[in-house]
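Numbering (the numbering used here), first residue to last: 1311 to 1417. Read through the structure below, which is laid out as structure tokens, and then see the notes.
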């Protein structure tokens, strides 16, 4: 299913190769986490499983911007699935993104 989504991004949305590779890496890493911890495919994941992945990523030291980028890829994937395959419920709809730290200006 991820391959179909990436083909959609490449041929219909005309995304760059770098963007497609970033989406592939993000979705593959989340998919691997779900398989290892919950024996679940990304397509069948629930809000609780995705929330667990976010907590694990934050605890392992991933930055808020990295998690936001990966959640953005997830949201795009599930939005595409809903539009193309009639997914009844989007598990990313209730995800709360981590807050970005404020940086001080440099003078």
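By construction, the Cβ of each residue, glycine as well, lies at the ideal position given by its N, Cα and C atoms.
C-alpha gap between residue i and residue j, whole angstroms
| i | j | result |
| --- | --- | --- |
| residue 1315 | residue 1386 | 9 angstroms |
| residue 1369 | residue 1345 | 19 angstroms |
| residue 1383 | residue 1417 | 35 angstroms |
| residue 1367 | residue 1322 | 31 angstroms |
| residue 1380 | residue 1363 | 11 angstroms |
Buried/exposed call for residue i, threshold 16 Cβ in 10 Å
| i | result |
| --- | --- |
| residue 1365 | exposed |
| residue 1403 | exposed |
| residue 1388 | buried |
| residue 1413 | exposed |
| residue 1406 | exposed |
| residue 1343 | buried |
Chain D within 8 angstroms of residue i, Cβ atoms only
| i | result |
| --- | --- |
| residue 1393 | Among the protein chains of the structure shown there is no chain D, as only one such chain exists. |
Sequence-distant residues of the same chain with beta carbon closer than 6 angstroms to residue i, five excluded per side
| i | result |
| --- | --- |
| residue 1356 | 1401 |
| residue 1408 | 1374 and 1377 |
Own chain, CB closer than 8 angstroms to residue i, minus 5 neighbours either side, in chain order
| i | result |
| --- | --- |
| residue 1334 | 1312 and 1316 |
| field | Every unbroken alpha helix (DSSP H) inside the stretch 1335 to 1400 [4 residues or more] | value | 1357 to 1369 and 1374 to 1395
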